[in-house]
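Using our numbering, you'd call the opening residue of the sequence shown number 3 and step up by one each time. Backbone N, C-alpha and C define an ideal beta-carbon position, used for all residues, glycine too. To keep things clear, I will list the structure first and then write my remarks on it.
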Amino acid sequence: MFNREIKYTLAGLLFALTVYQFIEVNIGYGIMLLLATGLVVLSIFRHENLIMALYYMRKQDLSKAQVQLDKIKAPHKLIKSQEAYYHYLNGLISMQQQGLGKSEKFFVKALQLGLRMKEDQAVAKLNLAGIYMSKRRKREAETYLKQAKKLDEKGLLADQIKMLKLQLGRI
């Protein structure tokens, strides 16, 4: 997997060519190459397969999202936050398709690596609370439920949190 090294090399070459074009007073070509360099640098920090998987998740097309995630052969070579979202998306997909057992490890790994957005952390912890509740592990479910409630500042998950609390009371 030399994907990241190829992107670094390409960005360096494009930047050198951009500087050369500005020195030669070819401003138009220089600006065009500067934009191309910017796109290559952006692709270093934003993995294109993760972006496509997020797009398909928003469209509720889980099979295409899974195909995009499967294209990532070495997730450990991703940037730490990208690897966290890789595991987070795998957890969401496996929750829908394969069941609770496999999705637990994905959510735990995503939280360990550090999801950036509080809403995503809240969703991961809410799903973990549901998983632990189904396994009759009440204490862990309550812990994750409290953490999810604390992270849900906008109240987007309030209904799901209330529903899980009611179900947790029955255990």
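Cβ-based burial, L16 [other Cβ within 10 Å; buried from 16]:
buried
If we count the other Cβ atoms within 10 Å of its Cβ and call it buried at 16 or more, is D161 buried or exposed?
exposed
Pick from D63, H78, L128 that is closest to K152, judged by C-alpha positions:
L128
Suppose you measure from the CA of V42 to the CA of R141; what does that come to, to the nearest Å?
47 angstroms
DSSP three-state assignment for N28, whether helix, strand or coil
coil
Reducing DSSP to helix, strand and coil, say where A76 ends up.
coil
Contact set for M3: own chain, Cβ-Cβ below 8 angstroms, skip 5 residues either direction
For M3, the predicted model reports a pLDDT of 42, less than 50, meaning its position is unreliable and no value from the coordinates is stated.
Using 8 angstroms as the threshold, is the C-beta distance between L113 and Q100 below it?
no
Could you please give the first and the last residue of the uninterrupted alpha helix (DSSP H) stretch that includes G171?
160 to 171
For the alpha helix (DSSP H) holding R141, just list the boundary residues, first then last.
140 to 153
By the three-class DSSP mapping on this structure, what secondary structure does L217 have?
The chain is shown from 3 up to 173; residue 217 falls before or after that span and cannot be answered.
For M3, name the three-state secondary structure that DSSP assigns.
In this prediction, M3 scores a pLDDT of 42, lower than 50, which makes its location untrustworthy; no coordinate-derived value is stated.
Let's test the definition: count the other Cβ atoms within 10 Å of the Cβ of D63 and tell me whether it reaches 16, buried, or not, exposed.
exposed
Relative to the C-alpha of Q68, which residue among I95, I53, L44 is closest?
I95
L44: which of L12, L170, A55 sits nearest, CA to CA?
L12
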